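Engineer:
In our numbering, the protein residues as written are 51 to 223.
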């Protein structure tokens with residue numbers, strides 16, 4: 051929360067916690083005071099800055115709807131004008147880099163079943179009957195379907211020129 055930075059910048063972090071709480075409410079405005087009136091505090095939490103910040107953080111943090119998160123994931127299908135790669139990246143990563151999939155998937159709360167659930171969601175959303183059939187008849191794979199991690203020096207595209215964009219170190223799709 052920015053209030054700790056503000057308190058430090060104004061040297062108010064050294065003041066009594068009751069004063070710090072008042073500063074927070076003053077900076078946050080009238081709506082914050084209305085929200086404050088909905089909070090309950092124990093005697094030890096009363097007029098303490100950390101419990102107050104924690105209450106506001108809890109109030110302001112959006113509640114996750116796991117059913118909705120999973121619905122969005124499981125109903126995402128490959129579009130007719132999308133390559134499997136684009137669909138895969140869009141489905142899992144929601145335009146986030148591939149290595150962040152675990153963080154993204156935590157919102158689905160799949161737990162130990164994360165890899166298999168992600169794989170199943172991908173297989174369900176693939177339009178290509180050929181690719182879907184290959185994935186369904188092949189051995190169970192995790193979320194790295196079709197992707198093998200390898201060192202750069204062993205990458206078949208390393209040093210190669212793309213015939214589509216003339217860029218290096220990748221192949222045309």
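Where is the CB? At the ideal position from N, CA and C, for every residue including glycine.
In this text the structure is predicted, and so the values were computed from the model without any measurement.
Between residue 110 and chain B, is the shortest Cβ-Cβ distance under 8 Å, so that the two count as touching?
Structural biologist: Reference to chain B is not applicable here, since this structure consists of a single protein chain.
Engineer: So what's residue 49 in DSSP terms, helix, strand or just coil?
Structural biologist: Missing from the structure shown is residue 49; the chain here goes from 51 to 223 and no further.
Engineer: Can you list, in chain order, the residues of its chain with a C-beta nearer than 8 Å to that of residue 181? Leave out the 5 residues immediately preceding and following it.
Structural biologist: Excluding sequence neighbours, residue 181 sits near 134.
Engineer: If you follow the alpha helix (DSSP H) that residue 163 is part of, which residue opens it and which one closes it?
Structural biologist: Unbroken run through residue 163: none, as it is neither H nor E.
Engineer: Using CA atoms only, rank isn't needed, just tell me which of 59, 52 and 208 is closest to residue 104.
Structural biologist: The residue with the shortest Cα to Cα distance from residue 104 is 52.
Engineer: Which value, in whole angstroms, describes the spacing of the CA atoms of residue 93 and residue 125?
Structural biologist: Near 48 Å, if we compare the C-alpha coordinates of residue 125 and residue 93.
Engineer: Buried or exposed: which applies to residue 168, given that a residue is buried once 16 or more other Cβ atoms fall within 10 Å of its Cβ?
Structural biologist: Answer is buried; the Cβ neighbour count reaches 16.
Engineer: Please go through the same chain and pick out, in chain order, the residues whose beta-carbon is closer than 7 Å to the beta-carbon of residue 173, but skip the five residues on each side of it.
Structural biologist: Counting only Cβ-Cβ distances below 7 Å, and skipping sequence neighbours, we find 182, 185 and 186.
Engineer: Can you give the Cα-Cα distance for residue 67 and residue 109, rounded to whole angstroms?
Structural biologist: Taking the straight line joining both Cα atoms gives about 21 Å.
Engineer: In whole angstroms, what separates the C-alpha of residue 112 from that of residue 217?
Structural biologist: So the alpha carbons of these two residues sit roughly 42 Å apart.
Engineer: Which of the three DSSP states is assigned to residue 61 in this structure?
Structural biologist: It is coil, neither helix nor strand.
Engineer: Mapping the DSSP letters down to three states, classify residue 147 as helix, strand or coil.
Structural biologist: Residue placement at residue 147 is poorly supported in this model, since its pLDDT is 41, which falls under 50; the coordinates still yield a value, given next. DSSP places residue 147 in coil when its eight states are reduced to three.
Engineer: Please say whether residue 62 and residue 73 have beta carbons closer to each other than 8 Å?
Structural biologist: Cβ atoms of residue 73 and residue 62: closer than 8 Å.
Engineer: What does DSSP give as the partner residue(s) for residue 225 in the beta ladder?
Structural biologist: Lying before the first or after the last residue shown, residue 225 is absent from the chain, which here runs from 51 to 223.
Engineer: Should residue 99 and residue 71 be called a contact, given that it needs their Cβ atoms to be closer than 8 Å?
Structural biologist: Cβ distance < 8 Å, so residue 99 and residue 71 count as in contact.
Engineer: Do residue 69 and residue 75 have their CB atoms nearer than 8 Å?
Structural biologist: Cβ atoms of residue 69 and residue 75: not closer than 8 Å.
Engineer: Report the option in 64, 120, 211 and 208 whose CA atom is closest to the CA atom of residue 170.
Structural biologist: The residue with the shortest Cα to Cα distance from residue 170 is 120.
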